[in-house]
Amino acid sequence: MTDFSSLKLLPQILEAVTKKGYTTPTPIQEQSIPHLLEKRDLLGIAQTGTGKTAAFTLPIIHHLFSNKVKAKPARMRVLILTPTRELASQIEQNIKEYSKGMGLKSTVIFGGVGQRPQVQAMSKGVDILIATPGRLLDLMGQGHIKYEQLEVFVLDEADRMLDMGFFNDVKKVIAKLPKERQTLLFSATMPKDISTLAQKLLKNPVRVEVTPEASTVDKIEQIVMMVDKTNKPLLLESILKDKGIKTVLVFTRTKHGANRVVKHLDKVSIPSAAIHGNKSQGARERALDDLKKGKIRVLVATDIAARGIDIDNVTHIINYNLPEDPKNYVHRIGRTARAGREGIAISFCAGDERTYLKGIEKTIKLSITVDKNHEYHGAPAQEVKKPFANSVARGRIPKRSPKKNTAKDGNKGSRRPRKKTNT
Ligand code: AMP
1027 MTDFSSLKLL
1037 PQILEAVTKK
1047 GYTTPTPIQE
1057 QSIPHLLEKR
1067 DLLGIAQTGT
1077 GKTAAFTLPI
1087 IHHLFSNKVK
1097 AKPARMRVLI
1107 LTPTRELASQ
1117 IEQNIKEYSK
1127 GMGLKSTVIF
1137 GGVGQRPQVQ
1147 AMSKGVDILI
1157 ATPGRLLDLM
1167 GQGHIKYEQL
1177 EVFVLDEADR
1187 MLDMGFFNDV
1197 KKVIAKLPKE
1207 RQTLLFSATM
1217 PKDISTLAQK
1227 LLKNPVRVEV
1237 TPEASTVDKI
1247 EQIVMMVDKT
1257 NKPLLLESIL
1267 KDKGIKTVLV
1277 FTRTKHGANR
1287 VVKHLDKVSI
1297 PSAAIHGNKS
1307 QGARERALDD
1317 LKKGKIRVLV
1327 ATDIAARGID
1337 IDNVTHIINY
1347 NLPEDPKNYV
1357 HRIGRTARAG
1367 REGIAISFCA
1377 GDERTYLKGI
1387 EKTIKLSITV
1397 DKNHEYHGAP
1407 AQEVKKPFAN
1417 SVARGRIPKR
1427 SPKKNTAKDG
1437 NKGSRRPRKK
1447 TNT
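Encoded structure:
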């Protein structure tokens, strides 16, 4: 087995990696680092959790330190474009750890916070800039960003950029970059738009693929629990009562859904926090920090907010709502079983989510085991009167008339209005 020392990285970097507790490179690191040190372009098909951040940051740090050049005001030598602010902060954090004491300057640029400190940091020039596309474009427009000294461009999580509607912004940034540069593109999946972009962007790239497209990580145990919509809060609560479940990410479809779950858990004394687009940067960071430090065990997130967040030791993923897009299922469960650890993904499936389940199973080419051994299994509301009635008695969920068991009954009187889907 290869170890880090055979990768010809600078001794300072090897030392930092050892300090992080990495003993052997992950497959993407082993396959990418030698080529990146030779300044080749790279197309990396890999999801978060495979060690891809170190795969690209270690050779970048090696290059910057071995060829020191001072960045002029507003300039950077390396630009890393990433879809979310959490991911941007994590990448910067990793860079700082991997390059400790090497005198490299890095900074992050993302929206949702004041721009002044970002402008100030750029006014002195940096070695590495990690940015999300929207704010970067803003600052480019204001003349705070110049690309003449750019040597390396990394486009991270390209498919997510596409999903989040950032693709045009990304293209506008790319249009301003110098043609002479090293380019790295990472994406978990390869939809047509991304492969077209990759063809335009990359020159004779090395292609490294660590997990087949849209496949799930082997080590994750996946189960599905059939449950009526109204019983989801109780099912979640009963699962989380098991203290053996240490660090849990719960995914909901909407921001409001995430807030509702947190509220319910709060009522039954299970501390949790939500992260989604309506939360301030400070609130998101606090939530992540509380989870990392073990102050809370449960983080409730929407797909976009959770994308790319790097939390070690996530033991369980709970899909409170099944995602409509099967790719999101793959991304979600990829939050556990990171860098070789094992994890469990539990999906709640209500009657109206069965088509999503079918789509997911088709995509992952697996039929997910149905766990029938829970007290809310499968039944529509009227057949599980007892727990529903109990919970009302205990004041856990608001009293409402039980629904008829007819998904397509057109019985308007018993149906609640559809919630707007906004992630
Ligand atoms: P990433 O895919 O970059 O988000 O990395 C996922 C997780 O794997 C992070 O928590 C890293 O700290 C960790 N990691 C990265 N490289 C290694 C390695 N060679 N050995 C063990 N853990 C690693």
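Following my numbering, the numbering of the sequence shown begins with 1027 at its first residue and continues without gaps.
A virtual CB, placed ideally from N, CA and C, is assigned to each residue, including glycine.
Of Met1216, Ala1114, Ser1264 and Val1287, the smallest CA-CA separation from Leu1069 is found for Met1216.
For the options Val1340, Asp1315, Glu1311 and Arg1233, the alpha carbon positioned closest to that of Ile1059 is the one of Arg1233. When rounded, the separation of the alpha-carbon atoms in Asp1397 and Lys1045 is 41 Å.
Just measuring C-alpha positions, the residue of Asn1285, His1061, Ala1080 and Ile1071 sitting nearest Leu1040 is Ala1080. The three-state secondary structure of Gln1116, taken from DSSP, is helix. For Asp1153, same chain residues with a beta-carbon under 8 Å away, outside a window of 5 residues either side, are Leu1090, Ala1097, Met1102, Arg1103, Val1104, Leu1130, Lys1131 and Ser1132 in chain order. Burial check for Asp1292: the Cβ neighbour count within 10 Å stays below 16, so the residue is exposed.
Between Thr1328 and Thr1273, the C-beta gap is not smaller than 8 Å, which leaves the two residues out of contact. Apart from the 5 residues on each side of it in sequence, Gln1055 sits with its Cβ closer than 7 Å to the Cβ of Gly1077, Ala1080 and Ala1081 in its chain, given in chain order.
For Leu1188 against Ile1220, the beta-carbon gap comes to about 6 Å, under 8 Å, which counts as contact.
Annotation for Tyr1048 indicates a beta carbon within 7 Å of some heavy atom of the ligand AMP. Assignment of Asp1329 by DSSP, reduced to helix, strand and coil, places it in the helix class.
Following the DSSP letters along the chain, one finds Leu1275 in no alpha helix (DSSP H) but inside the beta strand (DSSP E) bounded by residues Val1274 to Phe1277.
For Val1139, there is no enclosing beta strand (DSSP E), as DSSP marks it with neither H nor E. Taking one beta carbon from each stretch, the segment 1177 to 1194 and the segment 1132 to 1144 have fewer than 3 pairs nearer than 8 Å; the two do not touch. Counting the other Cβ atoms within 10 Å of the Cβ of Glu1174 gives fewer than 16, which makes it exposed. By alpha-carbon distance to Glu1401, the top candidate from Glu1263, Ile1330 and Ile1386 is Glu1263.
Taking a C-beta distance under 8 Å as the contact criterion, Ile1117 and Ile1265 do not qualify as a contact pair. Residue pairing for Ile1106: DSSP places it in a beta bridge opposite Ile1156 and Val1180. Look at Gln1055: its beta carbon is less than 7 Å from one of the heavy atoms in the ligand AMP. With contacts defined as CB atoms closer than 8 Å, Tyr1355 and Lys1258 fail to qualify as a contacting pair. Note on geometry: alpha-carbon atoms of Gln1208 and Val1178 lie some 5 Å from one another. In this structure, the beta-carbon distance from Ala1299 to Ala1313 falls below 8 Å. In this structure, Pro1051 has its beta carbon less than 7 Å from a heavy atom of the ligand AMP. Beyond the five residues adjoining it in sequence on each side, Val1287 comes within less than 8 Å, by CB distance, of Pro1259, Leu1262, Val1276, Thr1278, Ser1298, Ala1300, Val1326 and Tyr1346 in the same chain, given in chain order.
Per DSSP, reduced to three states, the secondary structure at Lys1065 is coil, with no helix or strand assignment. Membership of Gln1307 in the alpha helix (DSSP H) is indicated by the continuous run Gln1307 to Lys1318. Placement of the Cβ of Ala1042 at a distance of 7 Å or more from every heavy atom of the ligand AMP is found. Residue range Lys1218 to Leu1227 is occupied by the alpha helix (DSSP H) that includes Ala1224.
Around the beta-carbon of Ser1295, fewer than 16 other beta-carbon atoms lie within 10 Å, marking it exposed. Distances from the CA of Thr1395 to each of Gly1308, Gln1248 and Val1324 were compared; the closest alpha carbon is that of Gln1248.
When DSSP states are grouped into helix, strand and coil, Gln1057 belongs to the helix group. In its chain, beyond the 5 residues on either side, Gln1307 have a beta carbon closer than 7 Å to the beta carbon of Val1139. Taking all protein chains in view, the Cβ of Val1095 is surrounded by fewer than 16 other Cβ atoms within 10 Å, so the residue is classified as exposed.
According to the DSSP assignment, Phe1091 belongs to the alpha helix (DSSP H) that extends over Lys1078 to Ser1092.
Rounded to the nearest angstrom, the gap between the Cα atoms of Leu1036 and Leu1113 is 26 Å.
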